[in-house]
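Its first residue numbered 0, the sequence shown is counted upward by one per residue in numbering that gives the first Met the number 0.
Positions of the beta carbon are idealized from the N, C-alpha and C atoms, including for glycine.
Since the model is a prediction, treat every value here as computed from it, not as a measurement.
Here is the structure we will look at.
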Amino acid sequence: MQEYEKLKVLVAEIEMDINKAEGGNKAAGTRVRKQMQDIKQAAQEVRNKVLELRSVT
Numbered sequence: 000m001q002e003y004e005k006l007k008v009l010v011a012e013i014e015m016d017i018n019k020a021e022g023g024n025k026a027a028g029t030r031v032r033k034q035m036q037d038i039k040q041a042a043q044e045v046r047n048k049v050l051e052l053r054s055v056t
């Protein structure tokens, strides 16, 4: 499922910024918050796709 693969990529990309934010880097914290919003949207796309697949069968 393409939507799930996109979600996995987004989660993997955020790891370095999370580590920087934990170290006190405020700019990294801002990037993390934005990336988390993107992850939230990608997760919603996965949910919608699963519902779509379920309704087809």
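In its own chain, which residues sit with a C-beta less than 8 angstroms from the C-beta of E12, not counting the 5 before and 5 after it?
-> Here residue 12 is taken as the residue at index 13 of the sequence shown, counted from 1. So the list reads Q34, once near-sequence residues are dropped.
4-residue-minimum alpha helix (DSSP H) runs that sit fully inside the region 1–53, ordered along the chain | 1–21
Tell me whether the beta-carbon of K48 lies closer than 9 angstroms to the beta-carbon of M0.
-> Sequence index remark: in the sequence shown, residue 48 carries index 49 (1-based). Sequence index remark: in the sequence shown, residue 0 carries index 1 (1-based). Going by C-beta atoms, K48 is nearer than 9 angstroms to M0.
By a C-beta neighbour count over all protein chains shown, 10 Å radius and 16 as the cutoff for buried, is A41 buried or exposed?
-> Taking the first residue of the sequence shown as 1, we reach residue 41 at position 42. Its Cβ being crowded by 16 or more others within 10 Å, A41 is buried.
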